[in-house]
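When we follow UniProt numbering, the leftmost residue of the sequence shown carries the number 1, and every step to the right adds one. For each residue, glycine too, the CB sits at the ideal point set by N, CA and C. For reference, the structure is listed below as structure tokens.
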Amino acid sequence: MPNVRTMAAETAEYRHRTVTNNTGMFLRRWLANPLQMGSVIPSAPALCRRVAAQVRCTADEVVVELGAGTGVVSRALLASGLRAEKLVVVEIVPDMANHLRRVLPGATVIEGDARALPDLLPAHWHGHVGTVICGIPLVLLPLAEQRRFIDAMTAVAPGRGFLHYSYCVTSPLPASRHGLEARREAWTPLNFPPASVWRYTPAG
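Here it is as structure tokens:
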């Protein structure tokens, strides 16, 4: 019979190594290009659960996550009950995309620039996206670049809007200037730094 204590210790050690490696990978990417990363460490479990709780997805739809990083939000989506084949993640950094393929078996991992989402996402999923989750720090970008990301999301999920998690106290996007309405769906002080989940939908 296996030694339960030994197995538990090995599992704990594996999880510790995974978290440490993920954090190290995240920090290295932040140092290489801070504009691609919203924080110096991956999002905390409390924030990931709040993002997952806001996701909408019917039987014939998929969930698309942009800027998936080390996959902490992706894993929270799966833990919430989303089937892996319903999850599409887009990541521009090759090392992170490869990491996501290892830790998200069954999910679709696309390596590429989210601004080209209409070209990256297979055509049969266009119009069948229940929720787009944006983990890219749009607040750091000029208005025109924000618009490019918003247009890309709108092209594959027309009329649906998107979720965006951010570390800003107020809306990270000037919603009215983009023709959007902003609503803070959740806030967690347990994330470092504290974060909010915003839902942006077409105005009017």
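Check: Measuring only the C-alpha atoms, how far is residue 65 from residue 134?; Outcome: 6 Å
Check: Whole angstroms are fine: how far does the CA of residue 156 sit from the CA of residue 199?; Outcome: 17 Å
Check: Between the Cα of residue 92 and the Cα atoms of 194, 145, 136, 111, which residue gives the shortest distance?; Outcome: 111
Check: State the start and end residues of the unbroken alpha helix (DSSP H) segment that holds residue 74.; Outcome: 72-79
Check: My output table needs one value for residue 162: the three-state DSSP class, helix, strand or coil.; Outcome: strand
Check: Quick check on residue 103: does DSSP put it in helix, strand or coil?; Outcome: helix
Check: Buried or exposed: where does residue 94 fall if 16 or more other Cβ atoms within 10 Å of its Cβ makes it buried?; Outcome: exposed
Check: Among all the DSSP beta bridges, which residues are the ones paired with residue 50?; Outcome: Paired residues: none, contrary to the question.
Check: Using CA coordinates, which residue listed in 166, 175, 150 is at the minimum distance from residue 192?; Outcome: 166
Check: Exposed or buried, which one is residue 188 when buried takes at least 16 other CB atoms within 10 Å?; Outcome: buried
Check: Taking one C-beta from the segment 113-120 and one from the segment 44-53 each time, how about it: are there three or more such pairs within less than 8 Å?; Outcome: no
Check: Mapping DSSP to helix, strand and coil, what is residue 91?; Outcome: strand
Check: Using only alpha-carbon positions, find the residue among 70, 67, 63 that is nearest to residue 77.; Outcome: 63
Check: I need the DSSP call for residue 202, collapsed to helix, strand or coil.; Outcome: strand
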